[in-house]
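**Student:** Attaching a single structure in structure tokens format; questions to follow.
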Amino acid sequence: MKGTPQSLWLSMANRTASQAIGFWSGVFGAAARRNQTALFNAMTKPPKAKRTTRKKKTG
1 MKGTPQSLWL
11 SMANRTASQA
21 IGFWSGVFGA
31 AARRNQTALF
41 NAMTKPPKAK
51 RTTRKKKTG
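So for the sequence shown, the UniProt record's numbering puts the first residue at 1; every next one is plus one.
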């Protein structure tokens with residue numbers, strides 16, 4: 001492969017793209033490991049109806 005500007009630009013783009021892919025896959029991998037049980041439960045169990053507003057206890 002000759003060192004033409006196009007080939008140099010392509011190699012640079014491929015390098016940065018692979019670095020970005022590695023970075024994001026690491027980020028998503030860490031998040032997936034952190035939320036693995038939550039994701040698994042969400043996939044297997046039917047979603048429960050959550051009440052967003054809490055009732056104030058009087059007295």
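Where a beta carbon is used, it is the ideal one built from N, C-alpha and C, also for glycine. Predicted, not measured: the structure shown is a model, and the values here were computed from it.
Grab the span of the alpha helix (DSSP H) containing residue 16 for me, first residue to last.
**Tutor:** Residue mapping note: residue 16 aligns to position 16 of the sequence shown, counting from 1. 5–34 is the extent of the alpha helix (DSSP H) around residue 16.
**Student:** Reducing DSSP to helix, strand and coil, say where residue 44 ends up.
**Tutor:** Taking the sequence shown and counting its residues from 1, one reaches residue 44 at position 44. If DSSP states are grouped into helix, strand and coil, residue 44 belongs with the helices.
**Student:** Does DSSP put residue 58 in a helix, in a strand, or in coil?
**Tutor:** Translated into the one-based positions of the sequence shown, residue 58 becomes position 58. In the structure shown, residue 58 sits in coil (DSSP, three-state: anything other than H, G, I, E or B).
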